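Numbering (the working numbering), first residue to last: 80 to 607. Note that the Cβ used here is the ideal one computed from N, Cα and C, for glycine as well. From a predicted model like this one, the values you see are computed outputs, not experimental measurements. Have a look at the structure below before the remarks.
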C-alpha cells in the first residue's frame, strides 16, 4: 500500500518513496512555491531533481515513464516531456545495444518477472464477521434479490425493457423481498465473427448473470434465429428451466406484443416464489467484491486504491474474495502481481493475458498507452504505467490465488484477477458474471456509476471532489491527505460498509436508481 511518506512543511507536495524523482502537488503550485520553476497544477508531478533525457521517471519507487527531454528540478513533469516505453522495448533514440550502453541506458530485453517471491499471508482476523444475506439453493449467498430479464440478442431488447418497465414500484409493493425486475439488454448476440472468443464470452456473461446469487429468478428472451441460441446456452451450461428460470423467443410466441404479454405473465407467477427468500446471517467469507476504478486521477494510487486494498486484505482474512480486473490498467504493474502469485501457473496465466492484450492492441493499430484517458491526464496521470501502479493497489497485499478469463466463474478464494477491458461498464459486467455480489468503485475525477444486480459503492480519492459530488460518493478517502487519516483507517471504513451494503443498506448509486443501463458485455471480434 502506498502511504504518503513525506510532505513539505506547507503541505503543498507529497513524495511517495525516497526512490522517487518526482513529487505530487497537493494544491496548485505557483512559481517559487516548494521549488517550482513552472506552474504545477493540482495533482500533477514536479521534478524533485534534475532528470536527464532518457532517465526513468520514478513514482511509487517504480518506473512510470522516461524523460523525453532534459527535465530540470522544479519543472512540470507530464505528457509533454515523458515518454511511454512498452515493456521490454528499447528507447527510440537508442537503436542498438551499443548506443544504449554508450548513453548509459538499458538495452531492450524481455521482462524478467519474479514469481511467488512476495507472498504475504492475510492479516489475522480479530473477529468472525457476518452479514445478512440470501442463501441460495446452490449454497452461494446473495446481497440483493432481483428478477432478471436477460436477452440473447439485441433484437429482443425492446421486449425485455417493456416487460421490466411493467413492474413499477407500486406493482412490486406486495413483494418486499424483491429488489426489482431488471432488463439486461445488449447490442450483440448475432453476426458474431472471428474465432469464437466473443461468442464464448457472451455465453459466459449470460450464464453468469443467470447464476449470480443476487438473482432470484430469470426470464430469458430471444428473437429465435440469432447466433446466440437460448437452447445452446442451456445445454452448454447445464441450466434447468423451471419456475424460476423461464425462456421464450419472439418468433415462436408470435410477435412483440404477445411476447411482452407472455413475459409479464411469467414474471407475475415468479414474483411470489422469489419473494419467499429471507435474509439470514452469513459469514463474510461469502462476499465476492469487484474491485474497480474509473475517472482516475493522481490521488487514486495514493488514497482510495490503497485503502480499498486494505479492505480487500481484511476481506481475504475472513475467507472472502476480491476480484481485480481491467487488464490494460495493470500493464506495467503486472510484475508486482506475479511476485504475489500463489503458484507459477497463476503468474504465467497473468503474463499470457498481458501478451494477448499487446497483440490485440497491435493488430487493431492501437497502443497500450491509449489509456490514460484525457480526463485521467487532466487529473495528473501521465502514462499507463503510472495509472497501472495506482490501480493495482486495489488488490491489497495478499497472495494472488487465481487468474480467470472474462466472465469466467471465479472459483478461487482470496485475491484474484479477471481479464477485462479497462472500460468500466464492460469490466464490471464481467465481474458480476464471474460471481461478484458487491462492487467497490474508486474515482478521482468523479463518476455516477451504478450496477445491478450487484450494488456499487463509490470511494472518492480527494475531498474536493467528494464535496462537489456528495450525492454520488459513499466514502471519502481524501481524508488521508486532508485530515491525516491513515490508509488502514479508511480501508476499515470501506470494509465495514461492504458488510452493511451486503446486508441491504443502499448505496448512493442505488438510491438514485442507477444500474439499469450499465450491462455492457465485452464485444470481442468482428461484427459480420
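Alpha-carbon to alpha-carbon, residue j and residue i
i	j	result
residue 123	residue 338	55 Å
residue 285	residue 271	16 Å
residue 458	residue 377	6 Å
residue 462	residue 247	46 Å
residue 395	residue 482	16 Å
residue 221	residue 490	16 Å
residue 196	residue 425	13 Å
residue 301	residue 200	47 Å
residue 114	residue 93	13 Å
residue 253	residue 353	12 Å
residue 416	residue 479	7 Å
residue 590	residue 341	30 Å
residue 436	residue 244	39 Å
residue 328	residue 599	21 Å
residue 484	residue 296	26 Å
Under 8 Å between C-beta atoms of residue i and residue j
i	j	result
residue 262	residue 240	yes
residue 298	residue 380	no
residue 268	residue 231	yes
residue 147	residue 465	no
residue 369	residue 510	yes
residue 586	residue 550	no
residue 164	residue 149	no
residue 357	residue 292	no
residue 430	residue 192	yes
Among the options, nearest to residue i - alpha-carbon criterion
i	options	result
residue 471	260, 231, 551 and 384	384
residue 567	442, 540, 542 and 388	388
residue 493	113, 198, 359 and 540	198
residue 106	100, 119 and 95	119
residue 557	382, 531, 547 and 479	382
residue 279	336, 110, 255 and 311	311
residue 130	362, 290 and 153	153
residue 259	148, 530 and 604	530
residue 367	104, 578 and 91	578
residue 443	603, 544 and 399	603
residue 513	452, 163, 229 and 289	289
residue 386	234, 539, 413 and 451	539
residue 561	607, 573, 345 and 544	544
residue 205	216, 430, 359 and 398	398
residue 477	400, 412, 428 and 365	400
Near the ligand NAD: residue i beta-carbon under 7 Å from a heavy atom
i	result
residue 565	The ligand NAD is not part of this structure, which contains no ligands at all.
> Counting Cβ pairs, one atom from each stretch, are 3 or more of them under 8 Å apart for the region 220-228 and the region 591-600?
Replying inline: No: fewer than three Cβ pairs fall under 8 Å.
>> Below 8 Å, how does it come out for the region 145-157 and the region 107-126: are there three or more Cβ pairs, yes or no?
In response: At 8 Å Cβ cutoff, the stretches touch.
>> Three Cβ pairs or more, each shorter than 8 Å: is that satisfied between the region 575-593 and the region 197-214?
In response: Short answer: they touch.
> Do the region 393-409 and the region 490-508 make contact, defined as three or more Cβ pairs closer than 8 Å?
Replying inline: Counting C-beta pairs with one atom in each stretch, the region 393-409 and the region 490-508 have three or more that are closer than 8 Å, which means they touch.
>> With three or more beta-carbon pairs closer than 8 Å as the criterion, would you say the region 513-523 touches the region 533-540?
In response: yes
> Quick check: the region 136-143 against the region 99-114, are there 3 or more CB pairs under 8 Å?
Replying inline: yes
> Are the region 321-335 and the region 345-360 in contact at 8 Å, needing three or more beta carbon pairs?
Replying inline: Yes, since at least three Cβ pairs between the region 321-335 and the region 345-360 fall closer than 8 Å, the two stretches touch.
> Curious, which full-length alpha helix (DSSP H) runs of at least 4 residues does the region 520-562 contain?
Replying inline: Whole alpha helix (DSSP H) segments, 4+ residues: 542-547 and 558-561.
> Three or more beta-carbon pairs under 8 Å between the region 519-529 and the region 494-501, yes or no?
Replying inline: Contact check between the region 519-529 and the region 494-501: fewer than three CB pairs, one atom from each, fall below 8 Å, which does not count as touching.
> What alpha helix (DSSP H) runs, 4 residues minimum, are completely inside the region 107-167?
Replying inline: none
>> Please give me, in chain order, every unbroken run of the alpha helix (DSSP H) with length at least 4 that falls completely inside the region 369-457.
In response: As far as the region 369-457 is concerned, its whole alpha helix (DSSP H) runs of at least 4 residues are 383-396, 413-417, 423-442 and 453-457.
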